[in-house]
Amino acid sequence: MTVQTLNQLHELRLSGMATALETQLQQPGTYAELPFLERLGLLVTQEHLQRENRKQTRLVRQAGFRLQATLQEIDYQQHRNLKRAQIAQLSQGEWLTRAQNLLITGPCGTGKTYLACALGRHACHQGQSVRYFRTSRLLLELTQAKADGSYQKLLTQLAKTQLLILDDWGLEVLKPGQRNDLMEIMDDRSGVTSTVLISQLPTEQWYAAIGDNTLADAILDRLMHNSHRLELKGESMRKHTGENIEREHLGDNS
Numbered sequence: 001m002t003v004q005t006l007n008q009l010h011e012l013r014l015s016g017m018a019t020a021l022e023t024q025l026q027q028p029g030t031y032a033e034l035p036f037l038e039r040l041g042l043l044v045t046q047e048h049l050q051r052e053n054r055k056q057t058r059l060v061r062q063a064g065f066r067l068q069a070t071l072q073e074i075d076y077q078q079h080r081n082l083k084r085a086q087i088a089q090l091s092q093g094e095w096l097t098r099a100q101n102l103l104i105t106g107p108c109g110t111g112k113t114y115l116a117c118a119l120g121r122h123a124c125h126q127g128q129s130v131r132y133f134r135t136s137r138l139l140l141e142l143t144q145a146k147a148d149g150s151y152q153k154l155l156t157q158l159a160k161t162q163l164l165i166l167d168d169w170g171l172e173v174l175k176p177g178q179r180n181d182l183m184e185i186m187d188d189r190s191g192v193t194s195t196v197l198i199s200q201l202p203t204e205q206w207y208a209a210i211g212d213n214t215l216a217d218a219i220l221d222r223l224m225h226n227s228h229r230l231e232l233k234g235e236s237m238r239k240h241t242g243e244n245i246e247r248e249h250l251g252d253n254s
C-alpha cells in the first residue's frame with residue numbers, strides 16, 4: 001500500500017508530498033504520535049514549498065539575466081551615490097504592484113546592469129515574471145518577428161511580462177521602425193506592468209537618442225511618469241575589481 005501510494009503521488013506530480021511521506025515513514029518515532037491532519041499538513045506544506053522553488057527557478061531561467069546578481073552582494077561604496085534605503089524600498093516590490101518604472105543611469109562600469117539584474121532576480125523570487133534584453137537585441141528580435149509572422153505574439157508576451165529590463169538604452173539613434181516598435185511596447189505596458197531602463201546617458205539626452213520629437217514625447221512620457229530613478233556615479237567598478245585582483249596576485253607572489 002505504501003509503495004502504491006508513493007507511486008500515485010509521483011504520477012500525480014506531487015513529488016513534494018511523496019518526499020515528505022517517505023521522510024515520515026523513515027522516522028516513525030518523530031511523526032507517529034502526531035494527529036492525522038497535522039501529518040497531512042506537513043505533506044501539503046512540503047509540496048507547496050517545492051512548487052514555489054521550481055517556479056522561482058523557472059522564472060529566473062526564463063528571465064535571461066546577463067549577470068547572476070543578488071541584492072545581498074550590492075556594493076554600497078559612498079562614491080556610487082547608492083543608498084541602502086533606496087534598494088530596501090525597491091526590494092519590497094510595491095513599485096511593481098503599482099506598475100511603476102525604474103530608470104538607472106550612470107557612467108560605464110558603475111554597476112547599473114548588476115543592480116537591475118539583482119532587482120530582477122529578487123522579483124522572480126517574489127513570483128513575478130521578468131525578461132532581460134539588451135535594447136539592440138530586442139529590436140532585432142522584433143524585426144525578425146515581423147519577418148516570420150510572430151510579431152504580434154512577441155508583443156503580447158512582452159505586454160504580459162511583469163518586469164521588462166532594457167539594458168544599453170540610447171546607445172544608438174533609433175530607426176523609424178524601431179521607434180514605432182518601442183512605442184507599441186511602452187503603450188501596452190504603461191500603467192499595467194513595470195519597466196527598467198539602463199543607460200549611460202542622462203535622461204535629458206534620451207529625446208535625442210530616440211530621434212523623433214513626437215514619438216520621443218510619447219515614449220518617454222509613458223516611461224518617466226511616476227518612475228523611480230537611480231543615478232549611479234563614480235569610476236568604473238571593473239577598474240577597481242582589476243586593481244584588487246592585481247594586488248591579490250602580487251601579494252600571493254611576494
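Counting from 1, one number per residue, gives the positions in the sequence shown under full-length UniProt numbering.
All C-beta atoms in this analysis are idealised placements derived from N, C-alpha and C, irrespective of residue type, glycine included.
Keep in mind it's a predicted model, so treat the numbers as computed, not measured.
Other residues of its chain near residue i: CB distance less than 8 angstroms, five sequence neighbours each side excluded
{"i": "LYS153", "result": "ALA145"}
{"i": "HIS10", "result": "ALA18"}
{"i": "HIS79", "result": "LYS233, GLY234 and GLU235"}
Three-state class that DSSP yields for residue i in the structure shown
{"i": "ILE87", "result": "helix"}
{"i": "LEU163", "result": "strand"}
{"i": "GLU172", "result": "coil"}
{"i": "LEU102", "result": "strand"}
{"i": "THR70", "result": "coil"}
{"i": "GLU33", "result": "coil"}
{"i": "THR193", "result": "coil"}
{"i": "GLU231", "result": "strand"}
{"i": "SER15", "result": "helix"}
Same chain, Cβ closer than 7 angstroms to residue i, five either side skipped, listed in chain order
{"i": "LYS112", "result": "ILE104, GLY106, ILE198 and LEU232"}
{"i": "LEU43", "result": "MET17, ALA20 and LEU21"}
Residue range of the unbroken alpha helix (DSSP H) whose run includes residue i
{"i": "VAL60", "result": "36-63"}
{"i": "HIS122", "result": "112-125"}
{"i": "HIS10", "result": "2-11"}
{"i": "LEU215", "result": "213-224"}
{"i": "TYR207", "result": "206-210"}
{"i": "residue 261", "result": "This structure leaves residue 261 out entirely; the chain is present only between 1 and 254."}
Residue burial classification, residue i (beta-carbon count within 10 angstroms, cutoff 16)
{"i": "ARG13", "result": "exposed"}
{"i": "PHE36", "result": "exposed"}
{"i": "GLN26", "result": "exposed"}
{"i": "ASP181", "result": "buried"}
{"i": "GLU47", "result": "buried"}
{"i": "ARG58", "result": "exposed"}
{"i": "VAL130", "result": "buried"}
{"i": "GLY16", "result": "buried"}
{"i": "ARG121", "result": "buried"}
{"i": "ARG222", "result": "buried"}
{"i": "ARG189", "result": "buried"}
{"i": "TYR76", "result": "exposed"}
{"i": "THR193", "result": "buried"}
{"i": "THR2", "result": "exposed"}
{"i": "GLN8", "result": "exposed"}
Endpoints, beta strand (DSSP E) assigned at residue i
{"i": "TYR132", "result": "130-134"}
{"i": "LEU82", "result": "It is not in any beta strand (DSSP E) - LEU82 carries neither H nor E in the DSSP assignment."}
Cβ separation of residue i and residue j, assumed to be a contact under 8 angstroms, to the nearest whole Å
{"i": "LEU201", "j": "GLN86", "result": "Not a contact, Cβ separation roughly 21 angstroms."}
{"i": "TYR132", "j": "ASP167", "result": "7 angstroms"}
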